[in-house]
Structure formats: C-alpha cells, structure tokens
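Engineer: Everything in the sequence shown is counted per this note's numbering, starting at 765 for the first residue and increasing by one. C-beta atoms are modelled at their ideal positions from N, C-alpha and C, and glycine is treated no differently.
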Amino acid sequence: MPAASALGRFAHRKADDVPERVRRAIAEAQHRSEVLISWVQLGVVLTFATLYAISPKTAMTAFQPVPWVLAGYLAFTLVRLTFAYRRALRPWLLGLSVVVDMALLMGLIWSFHLQYAQPPAFYLKAPTLLYVFIFIALRTLRSDATYVVLAGAVAAAGWLGMLAYAIAFDPSGVPPITRNYVHYITSTSILIGGEFDKVVSMLMVTAILAVSLVRARRTLRMAVTEGAAASELKRFFAPDIARRITGGDDLVRPGEGELRDAAALFVDLRGFTMLSRGMPPNTVVAL
C-alpha cells in the first residue's frame, strides 16, 4: 500500500513538533471517534439484518448464507466495540478491522447468488454495494487518511476480485460479457465498463476524502494547540483577559495597549528575601 504509507507519512510528518499535551488531546479525540465508528457499524449491521428479515424470500436455496455472514459481522462489530471502549485498538488492529469490514461486506454481496440460486453475475447488480462508500466515509471520523486510503483500496480490489469471479465461474462456461447496455440492465450479463465505473468511483471518493482529511488534520492540530494555549493563559490572566487574547479579531501586537484606570498592589513577605537565598529555585516557586 504505497499510497497509504505516503499519506500516512504526510499526515504525521510534523507529529514530533506537537506538544505532548496536544498529542494526548488528539489521541482522546481519536478514541471517541473509534467508539463512534463502532456504534455506526453496529447500526449498519442491524440495518442489514432488518432489511433482510422484512424482504420477501423467493427462489432461495436450502442453504442460506446471508444470515451466517450477518451473524459473523455482528460478532466482529461487537468485539470491535469492546476493544474501542477498552482503548485496545492498536494501529495493526485498526488496519485489520478495515480489511475485515470490507471482506465481510463483499462476502455478503457475493453470497446473494447462492442465496437466490443465480449465476455469480447476479450479485454485481446488488444495491448493497453502496454501503462500500459508507464504510469508506466512516473512516474519516478518525481524522487519519491512512485508514481511508486502506478502505478504498481494499474495496476496489475486492470488487475487481468479485468481477473476475463472476466472469470465470459462470455456470454456462461462457463469460457473460455484453456491450449492450439494455441487455446488461435486464439480464445477469456483465458490462465491463459499468463495473470499472464503480471501481473508479470508489478510488475517486477515497482520494477526495483522503486529501480533505490531510488538510483537516492540519487544522485540527492547530485548533487543539490554540485550545491548549488558551487554557494555559487562563492560569496567568483573568478569564476575561484570556478570552480577549485568544478570541479577539486582531492579533495582540507589541507596543499596543489600552488606557484604563487601575490600582497596583505591591505585597512583600517579611523575611522572604533572606529565606529564598538559601532555597532552590523550584522550591521558591512552589512556596
């Protein structure tokens, strides 16, 4: 995955320049995103199951693979949700999760021709393919382009594999390829250009989301950094002054100020000068 690696390096190339507290804030935001992603995936699999339960069952074989695929996907989603809450989703596990998500979705679509006793080309017309774009877009919640690129690449490769299977394993022994669009729409024949359009759409959506995410990550890093700086200012300035510094329309420039009536209070502690002479600086500040 050279593209994913390149985008990952591009997205993280300035990670060492970010203060540790900012990294912790970003990590916490990503943790919440992974929990949200897991809940959305759970909603998707429950939607699949509901639609399958209420759809009419006609011309089906004795073996019904769709419920088994849905059960496996539900189990995997629950495990992922548990790991997300336990903060145990390591990068390799996140990558594996993307691959398994797409593999289960492709497996579900592939099983349609068995479920309804049709040639393999039957599943190429399944509207369930649209969920691929939901799964790709879902990865943007983590604000990491690497997983978006991985999801798009796996989806495109998976669909090309599904296309190759449909061409190679047609029961008639003859590849069911046509150039007639009407025949393609009204039969189980395959229009190569139409299938490549789907793959190109997956890759284009992936590229657009990945580039947007890299740009957004920079903005997120700046926002978190400025938020941390604003919190630090409140420790040393009155809250209204800190808000004016961080939320003002104009930058604070050296030499500029406001004319205000104010009172200055100078306070000294008796014997403090002599006491501080014999103390380390850190102890003096703490005192």
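1) Mind the definition here: the stretch 946-958 touches the stretch 894-906 only if three or more C-beta pairs lie below 8 Å; say whether that holds.
2) Going by beta carbon distance, what residues of the same chain come within less than 7 Å of Gln828, once the five residues before and after it are set aside?
3) Between Arg906 and the rest of its own chain, which residues show a CB-CB distance below 6 Å, the 5 nearest in sequence each way excluded?
4) Suppose you measure from the CA of Arg777 to the CA of Gly859; what does that come to, to the nearest Å?
5) Can you tell which of Gly937, Glu959, Ser936 and Ala928 has its C-alpha closest to the C-alpha of Asp943?
6) Rounded to the nearest angstrom, what separates Thr846 and Leu806 at their Cα positions?
7) Taking 9 Å as the cut-off, decide whether the C-beta atoms of Ala993 and Val963 are in contact.
8) Using only CA atoms, which one of Ile1009, Asp1025 and Leu800 lies nearest to Pro1018?
9) Just to confirm the assignment, what range does the alpha helix (DSSP H) spanning Leu905 have?
10) According to the neighbour-count rule (16 or more other Cβ atoms, all chains shown, within 10 Å of its Cβ), is Val833 buried or exposed?
11) Please report how far the alpha carbon of Ala852 lies from the alpha carbon of Ser861, in whole angstroms.
12) Output needed for Phe876: all residues of its chain with C-beta closer than 6 Å, excluding positions within five of it in sequence on either side, in chain order.
13) Excluding the 5 residues preceding and the 5 following Pro883 in the sequence, name in chain order all residues of the same chain whose CB lies nearer than 8 Å to its CB.
14) Quick one: Cα of Arg854 to Cα of Val830, how far?
15) Counting only the same chain and skipping the five closest in sequence on each side, list residues whose C-beta sits under 8 Å from that of Ala974.
16) Assuming Met966 and Val863 are in contact, meaning their beta carbons sit under 8 Å apart, how far apart are those beta carbons, in whole angstroms?
17) Entirely within the stretch 963-1033 and at least 4 residues each: give me those alpha helix (DSSP H) ranges in chain order.
18) Can you tell me the Cα-Cα spacing of Phe812 and Leu857, whole angstroms?
19) Which residues mark the beginning and the end of the alpha helix (DSSP H) in which Ser819 is found?
20) Among residues of its own chain, excluding the 5 on either side of Lys998, which ones have a beta-carbon nearer than 7 Å to its beta-carbon?
21) Tell me the residue span of the alpha helix (DSSP H) that contains Met870.
22) Do Ser802 and Ala867 have their C-beta atoms closer together than 9 Å?
23) In terms of residues, what are the limits of the alpha helix (DSSP H) holding Thr841?
24) CA-CA distance, Pro766 and Ala971?
25) Under the DSSP definition of a beta bridge, which residues are partnered with Ile941?
26) Taking the C-alpha atoms as reference points, what is the distance between Ile873 and Arg981?
27) At what residues does the alpha helix (DSSP H) containing Thr1047 begin and finish?
28) Counting only the same chain and skipping the five closest in sequence on each side, list residues whose C-beta sits under 7 Å from that of Gly836.
29) Please state whether the Cβ-Cβ distance between Gly991 and Ala789 is less than 9 Å.
Structural biologist: The structure says:
1) The stretch 946-958, when compared against the stretch 894-906, does not touch it at the 8 Å Cβ threshold.
2) Excluding residues within five positions, the ones whose Cβ falls inside 7 Å are Gln879.
3) Here Arg906 has Gln794 and Ser797 as same chain residues with Cβ atoms under 6 Å from its own Cβ, once five neighbours each way along the sequence are excluded.
4) Bear in mind that a pLDDT of 44 at Arg777, under 50, signals an unreliable position, so the model cannot answer this.
5) According to the sequence provided, residue 943 is Arg. The question's Asp does not apply to it. That would be Glu959, whose Cα lies nearest to the Cα of Arg943.
6) Their Cα atoms are separated by approximately 12 Å.
7) Between Ala993 and Val963, the C-beta gap is not smaller than 9 Å, which leaves the two residues out of contact.
8) It is Ile1009 whose Cα lies nearest to the Cα of Pro1018.
9) That residue, Leu905, is in no alpha helix (DSSP H); it is neither H nor E in DSSP.
10) Val833 is classed as buried because its beta carbon has at least 16 other beta carbons within 10 Å across all chains shown.
11) Cα atoms of Ala852 and Ser861: separation of roughly 13 Å, rounded to the nearest angstrom.
12) Counting only Cβ-Cβ distances below 6 Å, and skipping sequence neighbours, we find Tyr887 and Ala890.
13) If you ignore the 5 residues before and after Pro883, its C-beta comes within less than 8 Å of the C-beta of His877, Ala930, Asp934, Pro935, Ser936, Pro940 and Thr952, all in its own chain and listed in chain order.
14) Their Cα atoms are separated by approximately 30 Å.
15) Leu771, Ala909, Val912, Val913 and Gly916.
16) About 15 Å separates the Cβ atoms of Met966 and Val863, ruling out a contact at the 8 Å cut-off.
17) Entirely contained in the stretch 963-1033, the alpha helix (DSSP H) runs reaching 4 residues are, in chain order, 1003-1011.
18) Looking at the two C-alpha atoms, the distance is approximately 24 Å.
19) Taken as a continuous stretch (DSSP letters only), Ser819 belongs to no alpha helix (DSSP H), as it is neither H nor E.
20) Hits under 7 Å: Ala1006.
21) Its alpha helix (DSSP H) spans residues Pro855 to Trp874.
22) Remark: C-beta atoms of Ser802 and Ala867 do not approach each other more closely than 9 Å.
23) According to the DSSP assignment, Thr841 belongs to the alpha helix (DSSP H) that extends over Pro829 to Tyr849.
24) Bear in mind that a pLDDT of 43 at Pro766, under 50, signals an unreliable position, so the number given afterwards is only what the model happens to contain. The C-alpha of Ala971 is placed about 14 Å away from the C-alpha of Pro766.
25) According to DSSP, which records beta bridges pairwise, Ile941 is partnered with Ile954.
26) About 34 Å.
27) Counting along the chain, the alpha helix (DSSP H) containing Thr1047 begins and ends at Pro1045 to Ala1050.
28) Around Gly836: Leu868.
29) For the pair Gly991 and Ala789, the CB atoms are nearer than the 9 Å cut-off.
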